[in-house]
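**Student:**
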Amino acid sequence: MKEKVVAINRNMNGWFVPAILLPLWIIIYWNLKPLANFVIDDLFGLASGNHLTETVRFFIFEVPKVMLLLVLIIFGVGILRTYFTPEKTRTILEGKSLFTGNILASLLGIITPFCSCSAIPLFLGFVEAGVPLGVTFSFLIAAPMINEVALVLLIGLFGWKVAVIYVGTGLIIAILAGWILGKLGLEKFVADWVYNVKVGQSPELEVKTTFYDRINSGYDAVKDIVGKIWIYIIIGIAVGAGAHGYVPQDLMSNLLGKGNWYGVPLAILIGVPMYSNAAGIIPIVSVLIEKGVSLGTALAFMMSVIALSLPEIIILKKVLKWQLIATFVGIVTVGILIVGFVFNTIM
Amino acid sequence: MEIKILGTDCSRCKALERVTNDTVKVMGLDASVSKVEDIMEIMKYGVMTTPALVVNGRVVLKGKVPSVNKLKDLLIKNQ
Numbered sequence: 001m002k003e004k005v006v007a008i009n010r011n012m013n014g015w016f017v018p019a020i021l022l023p024l025w026i027i028i029y030w031n032l033k034p035l036a037n038f039v040i041d042d043l044f045g046l047a048s049g050n051h052l053t054e055t056v057r058f059f060i061f062e063v064p065k066v067m068l069l070l071v072l073i074i075f076g077v078g079i080l081r082t083y084f085t086p087e088k089t090r091t092i093l094e095g096k097s098l099f100t101g102n103i104l105a106s107l108l109g110i111i112t113p114f115c116s117c118s119a120i121p122l123f124l125g126f127v128e129a130g131v132p133l134g135v136t137f138s139f140l141i142a143a144p145m146i147n148e149v150a151l152v153l154l155i156g157l158f159g160w161k162v163a164v165i166y167v168g169t170g171l172i173i174a175i176l177a178g179w180i181l182g183k184l185g186l187e188k189f190v191a192d193w194v195y196n197v198k199v200g201q202s203p204e205l206e207v208k209t210t211f212y213d214r215i216n217s218g219y220d221a222v223k224d225i226v227g228k229i230w231i232y233i234i235i236g237i238a239v240g241a242g243a244h245g246y247v248p249q250d251l252m253s254n255l256l257g258k259g260n261w262y263g264v265p266l267a268i269l270i271g272v273p274m275y276s277n278a279a280g281i282i283p284i285v286s287v288l289i290e291k292g293v294s295l296g297t298a299l300a301f302m303m304s305v306i307a308l309s310l311p312e313i314i315i316l317k318k319v320l321k322w323q324l325i326a327t328f329v330g331i332v333t334v335g336i337l338i339v340g341f342v343f344n345t346i347m
Numbered sequence: 348m349e350i351k352i353l354g355t356d357c358s359r360c361k362a363l364e365r366v367t368n369d370t371v372k373v374m375g376l377d378a379s380v381s382k383v384e385d386i387m388e389i390m391k392y393g394v395m396t397t398p399a400l401v402v403n404g405r406v407v408l409k410g411k412v413p414s415v416n417k418l419k420d421l422l423i424k425n426q
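Order-wise, the sequence lines are chains A and B. Here our numbering is used: position 70 in the first sequence is 70, and no number is missing along the way. Here our numbering = 1-based position in the second sequence + 347.
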């Protein structure tokens with residue numbers, strides 16, 4: 001169904017399709033609750049009030065809700081991102097002082113298109129252009145950790161509060177970790193060959209990006225991302241709906257529950273070697289929370305999986321000496337630890 | 348025509364290689380397609396996002412995997 005809509009969109013030009021779809025989106029979104037109730041009570045004729053019915057009701061309401069949010073936000077971000085290329089971000093960051101640079105880099109990390117497979121060329125491109133090392137790190141921490149998919153899923157599954165907490169603390173970690181790394185003056189622990197790289201300037205095709213191109217980038221982003229992650233979302237919501245009320249408090253909550261001081265470090269220890277993107281990890285996080293793992297511990301787990309991972313460390317090993325990698329991992333880990341403890345204490 | 352795909356071992360890089368080979372075949376172009384995996388070589392083109400596509404020494408695409416049809420247009424423009 002979604003794919004079909006996208007396919008139709010792609011064949012049409014310019015403005016008017018979004019202009020028609022947006023009101024439609026709003027009408028559907030605001031009427032999801034009655035629609036879900038209609039399907040459950042009238043169409044299926046399920047007896048309301050019993051556990052199974054309410055589970056199905058939750059699922060039938062949540063899946064389209066999260067999907068709608070996802071499509072709209074990814075479409076918007078897809079358009080927005082055409083204005084923020086890595087080249088522009090680099091130009092903005094060149095010659096910025098440390099702290100301002102860290103803040104800018106973390107914010108730009110959210111919005112600049114980034115794929116961890118491009119981490120090395122991006123790192124080299126930044127360092128060669130004179131972007132300070134600490135500022136580059138702020139970017140490299142924020143870019144994978146905070147993105148539109150994580151945001152939508154957190155809003156959809158856990159609400160606004162959790163999403164804002166995640167983005168806010170993620171930003172603080174990226175800014176401070178980058179700033180500290182910059183202050184430590186670790187330039188000598190960058191692999192020697194990095195400074196010998198000649199970043200070339202090859203003639204590029206001058207293409208004027210039209211607004212139509214930008215809209216198309218929005219469609220492409222929706223097709224690309226939603227096509228990849230829809231299954232995780234359905235699983236995540238199904239688990240959330242299914243586990244609700246059924247799953248007894250067990251080993252998990254004893255180990256990773258609020259009362260245990262070692263819950264957060266244990267979660268990080270498990271999380272760092274794991275590798276997943278936001279879409280893959282959030283269903284697991286929803287299971288953890290259902291099973292009684294506290295919010296701070298779950299957030300810490302999610303951050304450690306997304307922001308720190310063995311594959312990423314192996315990639316970075318090509319450009320950084322182990323001393324710098326260890327410092328980087330250490331500082332980010334401490335940041336995540338603090339976030340976990342603080343939220344376990346105040347929530 | 349000389350076509351180079353800049354990119355390491357990532358899945359999108361392989362996807363671009365596949366699309367490029369398909370497009371060249373469909374168009375019946377007389378082109379040599381090769382992949383540049385060495386990061387030092389890649390950086391000489393000044394790209395920061397991979398995969399990238401270089402046609403006759405000019406970067407025409409960065410960080411994207413186009414459809415065969417889109418790539419066709421690109422290649423025609425850069426012939």
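Every residue, glycine too, gets a C-beta built ideally from N, C-alpha and C. Values in this document were obtained by computation on a predicted structure and should not be read as measured data.
(1) Which runs of the alpha helix (DSSP H), 4 residues or longer, sit entirely within the region 121-188 of chain A?
(2) For my contact list, Cys117 of chain A and Arg365 of chain B are in at a C-beta cut-off of 8 Å; report their separation, rounded to the angstrom.
(3) Note down, in chain order, each residue of its chain lying with its Cβ closer than 6 Å to the Cβ of Gly218 of chain A, except the 5 sequence neighbours on either side.
(4) Straight-line CA distance for Val152 of chain A to Ile180 of chain A?
(5) Taking Cβ-Cβ distances shorter than 7 Å, what residues in chain A pair up with Val394 of chain B?
(6) Output needed for Thr333 of chain A: all residues of its chain with C-beta closer than 8 Å, excluding positions within five of it in sequence on either side, in chain order.
(7) Grouping DSSP H, G and I as helix and E and B as strand, with all else coil, what is Lys409 of chain B?
(8) Strictly under 8 Å for the Cβ-Cβ distance: is Gly125 of chain A near chain B by that measure?
(9) I want to see whether chain B comes within less than 8 Å of Ser118 of chain A, judged by CB atoms only; does it?
(10) Give the straight-line distance between the Cα atoms of Leu288 of chain A and Trp30 of chain A, rounded to the nearest whole angstrom.
(11) Can you give me the start and stop residues for the alpha helix (DSSP H) that Ala278 of chain A sits inside?
(12) Thr169 of chain A: buried (16+ other C-beta within 10 angstroms of its C-beta) or exposed?
(13) With 8 Å set as the bound, which would you pick, yes or no: does the beta-carbon of Arg365 of chain B sit closer than that to a beta-carbon of chain A?
(14) With the cut-off set at 8 Å, would you say Val293 of chain A and Leu256 of chain A are in Cβ contact?
(15) Relative to the C-alpha of Phe341 of chain A, which residue among A:Trp322, A:Lys317, A:Pro311 and A:Tyr262 is closest?
(16) Of all the CB atoms in chain B, is at least one closer than 8 Å to the CB of Glu87 of chain A?
(17) Could you give the residue range of the alpha helix (DSSP H) that holds Lys424 of chain B?
(18) Does any CB atom of chain B fall closer than 8 Å to the CB of Lys228 of chain A?
(19) Quick one: Cα of Asp224 of chain A to Cα of Asn216 of chain A, how far?
(20) Buried or exposed: where does Ala47 of chain A fall if 16 or more other Cβ atoms within 10 Å of its Cβ makes it buried?
(21) Please confirm whether Ala300 of chain A and Asn147 of chain A have their CB atoms less than 8 Å apart.
(22) The ligand MG and Gly168 of chain A: does the residue's C-beta get closer than 7 Å to at least one heavy atom of that ligand?
**Tutor:** Once the coordinates are examined:
(1) For the region 121-188 of chain A, whole alpha helix (DSSP H) runs of length 4 or above, ordered along the chain, are 133-145, 148-158 and 160-183.
(2) With 8 Å as the limit, Cys117 of chain A and Arg365 of chain B do not qualify as a contact, their Cβ atoms being about 16 Å apart.
(3) The beta carbon of Gly218 of chain A sits closer than 6 Å to those of Phe75, Gly78 and Ile79, all from its chain and outside the five residues before and after it, given in chain order.
(4) Val152 of chain A and Ile180 of chain A have their alpha carbons spaced roughly 30 Å apart.
(5) In chain order: Pro121.
(6) Here Thr333 of chain A has Ile268, Val272, Ser304 and Leu308 as same chain residues with Cβ atoms under 8 Å from its own Cβ, once five neighbours each way along the sequence are excluded.
(7) Note: Lys409 of chain B maps to strand in three-state DSSP.
(8) By this cut-off, Gly125 of chain A is an interface position.
(9) Yes - at least one Cβ of chain B is within 8 Å of the one on Ser118 of chain A.
(10) One C-alpha to the other measures close to 30 Å.
(11) Ala278 to Glu290 is the span of the alpha helix (DSSP H), which, as asked, contains Ala278 of chain A.
(12) Under this definition Thr169 of chain A is a buried residue.
(13) Chain A, which has no Cβ nearer than 8 Å to the Cβ of Arg365 of chain B, makes this no.
(14) Closer than 8 Å, so yes.
(15) Looking at the Cα atoms, A:Tyr262 is the closest of the given residues.
(16) Interface with chain B (8 Å Cβ-Cβ cutoff): Glu87 of chain A is included.
(17) If you look at Lys424 of chain B, you'll find it in the alpha helix (DSSP H) that goes Val415 to Lys424.
(18) So, not an interface residue.
(19) When rounded, the distance between both Cα atoms is 12 Å.
(20) Residue environment for Ala47 of chain A: exposed (fewer than 16 other C-beta atoms within 10 angstroms of its C-beta).
(21) No, these two residues do not count as a Cβ contact at 8 Å.
(22) Ligands in the displayed structure: none, and consequently the ligand MG is not present.
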